[in-house]
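In this note's numbering, the protein residues as written are 2 to 232.
Structure representation (structure tokens):
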């Protein structure tokens, strides 16, 4: 969805598109341009370099990503930070207000998944998979999983630490994990979590590896399901 170009004076101003006091209208003015909300999604587990964001969103051009990051930075959703030596790389991070958008992402995802048109087998990024877990977890049962779960998706690693009613997931070293899922790409893991593909089939045919405490790993995987279709 490409929206009308705005002047410099209009950027970030409430009312620039809709002239409507509603907070939903303002939210759309902030993150309603194509790719903007997915850029926010990719930063939800911590700062990323420009190249990392673009790799996670292969359909976006460098020009459009530059524009979206600039708009989000001007709106106060994203901030740039220079890493200390020896790396000296520039990363983009969400502000405190930017991180507060996660419930919005979760509710949009849960709502959209209730459509029969939703296809959980399409490509998705590792961060998208992690956020889907935080969205689709059964909060009544998550506290029954006693242990840290490692998730190695492509070349990215995460730790899930189930707790009562919550599922913190962060980037981290897998040494502390009691069980680890290793998958070449996020859709492989999603196929087991959401599409009902047996884990043994994914291990045999799709490059999935479950290591460590297998019983714990499968107990963790059973926490997730998509909502029933209503449309």
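Don't be surprised by glycine CBs; every beta carbon is placed ideally from N, CA and C.
Query, Result
"Report buried or exposed for residue 14, applying the criterion of at least 16 other Cβ atoms within 10 angstroms of its Cβ.", "exposed"
"Helix, strand or coil for residue 231, going by three-state DSSP, please let me know.", "coil"
"For residue 99 and residue 48, I'd like the C-alpha separation in whole angstroms.", "12 Å"
"Report buried or exposed for residue 110, applying the criterion of at least 16 other Cβ atoms within 10 angstroms of its Cβ.", "buried"
"Excluding five sequence neighbours on each side, which residues of the same chain lie with their C-beta closer than 6 Å to the C-beta of residue 19?", "26"
"Taking buried to mean at least 16 other C-beta atoms within 10 Å of its own C-beta, is residue 42 buried or exposed?", "buried"
"Please list the terminal residues of the continuous beta strand (DSSP E) segment that includes residue 182.", "180–184"
"Rounded to the nearest angstrom, how far is the Cβ of residue 1 from that of residue 73, given a contact under 8 Å?", "With the chain running from 2 to 232 in the structure shown, residue 1 is simply not present."
"Count the other CB atoms, across all protein chains shown, that sit within 10 Å of the CB of residue 230; report buried if there are 16 or more and exposed otherwise.", "exposed"
"Closest to residue 94 by C-alpha separation, out of 146, 190, 45, would be which residue?", "45"
"Of all the alpha helix (DSSP H) runs that stay within the bounds of the stretch 31–116, which reach a length of 4 or more residues?", "37–43, 51–57, 63–76, 97–100, 103–113"
"If you draw a straight line from the C-alpha of residue 126 to the C-alpha of residue 186, how long is it?", "8 Å"
"Among 104, 116, 141, 212, which has the Cα closest to the Cα of residue 175?", "212"
"Taking only heavy atoms of the ligand ATP into account, decide whether any of them is closer than 8 Å to the Cβ of residue 24.", "With respect to the ligand ATP, the structure shown offers nothing to examine, as it has no ligands at all."
"Using CA coordinates, which residue listed in 163, 89, 122 is at the minimum distance from residue 134?", "163"
"Please state if the CB of residue 132 and the CB of residue 103 are separated by a distance shorter than 9 Å.", "yes"
"Could you give the C-beta distance for residue 209 and residue 217, rounded to a whole number, given that I count them as a contact under 8 Å?", "The pair is not a contact, with the Cβ atoms about 16 Å apart (cut-off 8 Å)."
"Apply the 10 Å Cβ neighbour rule to residue 193 and answer buried if 16 or more other Cβ atoms are within range, or exposed otherwise.", "buried"
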